[in-house]
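Engineer: Protein chains in written order, with this note's numbering: chain B, 2 to 425; chain W, 2 to 531.
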Amino acid sequence: MSEGKLRIGWGRTGNNNIPNFLIKPLTFAGNPTGNLVYSFGPDEAFIPGTTISTLANPNLKWEQTDQMDVGIDLGFINNKLNVTIDWYKRKSTGLLVSVPIPSSTGIGVSGEQSTKTVNAADAQNTGIELQVGYADKASKDFGYTISANVAFNRNKVLSLGGEFTAPIQAGAFDQLSTFTYTAPGSAIGAFYGYRLDKVASTQAEIDALNAKTGSSGTEYQEGLMPGDFIFKDLNGDNVVTSADQEILGNPIPKIVYGFNAGINYKNFDLNIVLSGVSGLQLLNATKFNTQVMATGHNATTAILDRWRQEGDVASLPRLGQNANSSGNLRASDWWLEDGSYARLRNITLGYTLMQDKIAGFAMGAFKSIRLYVAAQNLFTITRYSGYDPEIFAQNGASFIFNRGIDDGQIPQPRTFLAGIQLGF
Amino acid sequence: MKYITRLTVVISLIAIITSCKKSLLEIDSQGAYSYETYFNNSDALNQATVATYATLLHNGLWAREYYFIFDLTGYEAKRTNNMQGDLAQLAMYTFGTNQPQIGDLWKGLYRMIFRANIVIDRANAWSPTNADDQNKVNQYVAEAKFLRAYSYFNIVSLWGDAPLITDYESMVANNYPERSPAANIWTAVETDLKDAQNDLPVVYSTADLGRATKGAATALLGKVYLYQKKWGEARTELLKLTQSPYTYKLDPSYDHLFSSNNQVSPENIFQVMNGPWTDWGIGNQYYVFGGQETWGGKATHSDRAQEYGFRDWNNVYITNAAVKAFTYPNPAGAGNYIDPRAKSTFYGNAASGGATVYCELCPGGSKPYPFNADDQQGDYKWKKYQYYNEVDTYGGPASSINAQVIRYADVLLMLAETYIQESNTGSEPLGYINDVRARVGATLYSSLGDQASAMNILKRERQLELCGEQSRYFDLIRWGIAKEIINVERGAEPGDGTQPFQDKHLLFPIPDVEKNYNPAVAAGVRNDWN
């Protein structure tokens with residue numbers, strides 16, 4: 002061992018990034034001001050109106066994060082081998098978020114869900130980060146550095162605070178209802194819904210389920226017909242109701258890892274960056290268009306494995322279902338996919354011509370010339386079937402509550418580069 | 002020594018903190034005013050009142066969704082193939098708790114209540130010093146109460162038990178209201194309307210045409226009693242409207258009631274005021290899709306004409322069921338009779354009684370309605386609330402035809418019903434029904450027969466007179482015949498043949514926009530519906 006360091010840190014930080022004017026109600030006369038009008042008189046002239054459209058919250062305070070870190074830095078063999086291990090626990094209280102509130106409050110403008118900015122949630126992240134690096138210059142011509150890192154993280158909501166006790170439901174898309182659910186005990190913005198059993202093959206199968214309910218006329222699952230998804234009865238009462246929903250997974254990766262390597266041999270240099278995540282789920286919302294034929298869009302060939310007639314055993318339901326959440330398209334694990342991926346982010350190969358080789362070129366104007374080829378996102382290893390597993394949040398929505406919802410974001414391109422680098 | 006150093010640091014920190022002047026920390030918005038101080042004069046309170054009226058045009062309400070919701074669910078309109086997506090679900094009765102239009106209706110109605118509560122809250126906080134201001138404040142509060150009652154009347158009719166929020170402060174204190182029993186909401190509606198009746202003027206100055214009047218409050222109160230089957234009280238209120246100081250009478254021209262200048266008619270009791278859309282420099286033509294008050298510019302027009310118009314977006318037919326209702330046994334003799342209101346209500350062929358020409362006022366003269374006899378659905382299209390008499394095509398939402406919320410013919414038919422419901426089928430109900438028929442030149446009844454016969458006549462009369470005015474769905478529900486009638490009509494309708502109305506449809510589903518965010522409401526929702 003050539004070096005050893007123990008680090009222990011504790012800190013408290015506040016986030017005062019609170020938008021102005023949230024603590025007291027202000028007038029609203031349209032946006033821009035003056036657009037709020039109604040018509041009176043025989044000529045139906047515009048008469049200006051003024052009201053308020055927000056719910057002020059005088060109790061807002063800074064959000065606060067307590068962080069505890071314990072780390073060890075170790076160096077071996079003259080610091081050729083470096084190892085860093087960190088453990089952290091980050092507890093945030095009073096996270097400032099705009100949360101949806103009941104529409105009966107009347108807050109907001111036309112078409113909008115009512116919201117209020119509150120210190121809504123207390124959440125905790127705990128994790129371990131490990132980094133190992135090795136650098137060596139083996140000879141005059143050959144040197145390399147390799148480093149790998151891996152981080153494990155666990156996110157949990159501790160409470161929703163005194164001001165807001167209802168679970169925060171978000172992540173609705175198209176004509177479907179919400180998919181994410183934030184409540185104490187689970188991860189922030191976790192996916193929530195039903196568990197899919199299978200596609201009902203025959204009427205007899207449905208009759209058998211209905212018979213198990215014990216009372217004639219009671220359906221196991223409302224409106225269930227052959228060719229529909231059968232959802233699981235999780236609470237064992239032989240009927241599928243909203244009580245049969247549970248946390249299905251979450252979009253926060255359990256493991257984040259990366260790998261870096263740089264190799265120099267004579268005039269060649271090679272650089273590789275690879276990164277990936279694992280242990281998360283993504284909601285593939287593009288299935289709404291590509292796999293169910295509910296709205297008259299083109300579908301993918303997946304649709305060929307749909308239920309067509311009595312007795313079919315299929316993976317997708319029949320055509321012509323409702324494009325709403327009351328049937329097959331309700332929030333369920335059918336939408337979720339493993340979002341793990343490993344991606345070769347960058348690979349670059351270069352060759353450098355030094356001064357002695359190019360002295361006669363361009364009257365010696367250049368000190369060096371480096372030629373290189375590079376590829377970004379050359380390949381991605383994933384089982385995710387959407388465009389790109391590397392997505393953040395639903396288009397234009399909150400990263401906290403709408404994370405991991407893939408509604409067809411533009412995927413990252415694969416890029417090939419070739420270049421000449423001139424040194425003067 | 003160390004201790005002293007620390008102490009010094011602490012003291013100097015305190016000194017720094019306390020020396021920050023409060024005025025530096027408290028920034029006043031330059032773009033808006035404070036709720037506490039702005040509404041302390043009659044002009045500002047007027048603006049708050051105008052903002053309450055403005056919600057009549059919000060999503061879910063009269064600029065767009067309101068007529069879709071009730072024409073489709075009441076089966077006066079059915080979809081053409083142009084109508085897809087969420088509206089088609091409404092048309093097919095496959096809507097769930099996340100149906101956008103129903104969620105928007107809930108949101109719009111409660112936003113109206115919120116803004117009404119603001120008027121009342123601010124009026125209570127201001128003490129005017131002169132009588133003129135005091136009168137104005139009384140009037141604004143009365144208008145707010147009228148609008149709040151109108152909103153709760155819709156809510157209780159459609160959803161039954163629902164949150165009842167009657168003041169601003171209690172909402173601020175508790176954002177998670179429970180549902181109140183329907184009976185309490187009806188009581189609150191009656192109270193508001195009686196208060197409004199006291200303080201609203203019979204007429205306004207010309208410039209204020211369109212504001213709620215004493216007559217509007219009286220008519221709505223009569224309707225509220227009627228919906229609760231309080232026949233005697235309904236009659237008392239509605240009769241007031243036939244006497245001084247009121248001067249309501251039926252418009253000599255039925256067509257005028259649904260034309261571009263329908264804001265001036267002796268028959269109007271309460272309308273939604275839709276001003277014309279003129280150009281993009283003034284306002285956004287498509288504001289009805291959620292841009293009310295926020296997408297550049299000012300606009301108050303309706304997109305009904307554009308959405309329903311056969312020369313434009315052509316989203317709906319009038320149903321064959323509605324068309325056929327205009328042909329019925331001749332009140333004075335044998336055989337069938339085609340009601341003259343048919344040609345004011347829809348375009349069709351001559352046999353249906355509908356209008357067969359349009360563009361009567363166009364420069365090139367009138368054109369024949371291109372009735373497609375091969376259309377399996379029956380090619381009948383809406384004429385009421387269209388202005389194809391003036392132009393060949395609209396090219397975009399721009400209609401200034403005001404929506405009729407309550408008009409005098411409705412009052413006369415409600416009056417007739419109060420008698421018939423109490424088994425009086427004599428000269429009073431006969432007279433009111435014949436008044437309404439005489440205006441359009443329809444054959445008069447010589448008698449209404451027994452109660453069952455009289456009720457049938459009355460039901461048909463409401464169906465025909467108020468066709469396409471978002472009355473039928475409410476009527477079918479309150480008469481207790483919605484399931485039977487709608488399933489029979491749809492079963493027989495070409496291109497339909499379904500019987501989608503289930504018992505649960507007697508009430509609308511509590512929408513996700515409430516249920517998902519309000520545990521106090523969610524706890525009481527039965528069967529994921531209401």
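Where is the CB? At the ideal position from N, CA and C, for every residue including glycine.
1) Could you name the residues of the region 158-188 of chain W whose beta carbon sits closer than 8 Å to any beta carbon of chain B, in the order they occur along the chain?
2) Quick check: the Cα distance between residue 23 (chain W) and residue 57 (chain B), rounded to an integer number of angstroms?
3) With a cut-off of 8 Å, does the C-beta of residue 23 (chain W) fall near any C-beta of chain B?
4) What does the alpha-carbon distance come out to for the pair residue 55 (chain W) and residue 151 (chain B)?
5) Could you pull the start and end residues of the alpha helix (DSSP H) that residue 433 (chain W) belongs to?
6) Three Cβ pairs or more, each shorter than 8 Å: is that satisfied between the region 443-453 of chain W and the region 326-343 of chain W?
7) Cα separation between residue 363 (chain W) and residue 388 (chain W)?
8) In chain B, what lies closer than 7 Å to residue 408 (chain W) by C-beta?
9) Under 8 Å between C-beta atoms, does residue 320 (chain B) make it to chain W?
10) Go ahead and label residue 41 (chain W) buried or exposed: buried means 16 or more other beta carbons lie within 10 angstroms of its beta carbon, across all protein chains shown.
11) Does the region 364-371 of chain B come close enough to the region 389-406 of chain B to have 3 or more Cβ pairs within less than 8 Å?
12) Would you list the residues sitting across from residue 330 (chain W) in a DSSP beta bridge?
13) By Cβ distance, which residues of its chain are closer than 6 Å to residue 414 (chain B), with the 5 residues on each side in sequence left out?
14) Can you give me the Cβ contacts of residue 415 (chain W) inside the same chain, cut-off strictly under 8 Å, excluding the 5 residues immediately before and after it?
15) Take residue 167 (chain B) as the anchor and find which of W:522, W:295, W:424 and W:279 has the nearest alpha-carbon.
16) What three-state label does DSSP hand residue 74 (chain B) in the structure shown?
17) Quick one, which residues of the region 44-55 of chain B are near chain W if we go by CB-CB under 9 Å, in chain order?
18) Using the C-alpha atoms, what's the distance from residue 6 (chain B) back to residue 114 (chain B)?
19) Decide if residue 76 (chain W) is buried, meaning its Cβ has at least 16 other Cβ atoms within 10 Å, or exposed.
20) Please name the residue or residues paired with residue 65 (chain B) in a DSSP beta bridge.
21) Ignore the nearest five residues each way along the sequence and tell me which others in residue 157 (chain W)'s own chain have a CB closer than 8 Å to its CB.
22) Does DSSP put residue 288 (chain B) in a helix, a strand or coil?
23) Flag this pair as yes or no: are the beta carbons of residue 116 (chain W) and residue 53 (chain W) separated by less than 8 Å?
24) Does the region 401-413 of chain W come within contact of the region 336-346 of chain W, defined as at least 3 CB pairs closer than 8 Å?
25) Secondary structure at residue 54 (chain W), three-state DSSP: helix, strand or coil?
26) Is residue 329 (chain W) near residue 338 (chain W), with beta carbons less than 8 Å apart?
27) Would DSSP call residue 173 (chain W) helix, strand or coil?
28) Can you confirm whether residue 179 (chain B), when its beta carbon is compared against all beta carbons of chain W, has any partner nearer than 8 Å?
29) Run through chain B and tell me which residues come within less than 8 Å of residue 39 (chain W), C-beta to C-beta.
30) With DSSP collapsed to three states, give me the class of residue 147 (chain W).
31) Please list, in chain order, the chain B residues whose beta carbon lies closer than 7 Å to that of residue 222 (chain W).
32) Going straight from the alpha carbon of residue 201 (chain W) to that of residue 143 (chain W), what length do you get?
33) Measure the C-alpha to C-alpha separation of residue 36 (chain B) and residue 481 (chain W) and round it to an integer number of angstroms.
34) Quick one: what does DSSP say residue 407 (chain B) is sitting in, helix, strand or coil?
35) Could you check whether the region 58-70 of chain W touches the region 134-144 of chain B, counting it as contact only if at least three pairs of C-beta atoms, one from each stretch, sit closer than 8 Å?
36) Can you list the residues of chain B that residue 274 (chain W) reaches, using a CB-CB cut of under 9 Å?
Structural biologist: Inspection of the coordinates gives the following:
1) 163, 164, 166, 172, 173, 176, 177 and 178
2) Low confidence applies here, because residue 23 (chain W) scores a pLDDT of 49, under 50, leaving its location unreliable; read the following figure in that light. One C-alpha to the other measures close to 20 Å.
3) With a pLDDT of 49 at residue 23 (chain W), under the threshold of 50, the modelled position of that residue is not reliable, and the figure given next carries that caveat. Not closer than 8 Å to any Cβ of chain B, the Cβ of residue 23 (chain W) fails to qualify, so no.
4) 57 Å
5) 428-440
6) yes
7) 11 Å
8) Going along chain B, no residue has its Cβ under 7 Å from residue 408 (chain W), so there is no contact; the nearest lies around 17 Å.
9) no
10) exposed
11) no
12) W:337
13) none
14) 223, 224, 227, 235 and 239
15) W:522
16) strand
17) 44, 45, 46, 47, 48, 49, 50, 51, 52, 53 and 54
18) 52 Å
19) buried
20) B:15 and B:94
21) 163, 183, 186, 187 and 190
22) helix
23) yes
24) no
25) helix
26) yes
27) helix
28) yes
29) 28 and 51
30) helix
31) Result: empty, since nearest Cβ-Cβ is about 23 Å, beyond 7 Å.
32) 6 Å
33) 43 Å
34) strand
35) no
36) 39, 40, 41, 42 and 45
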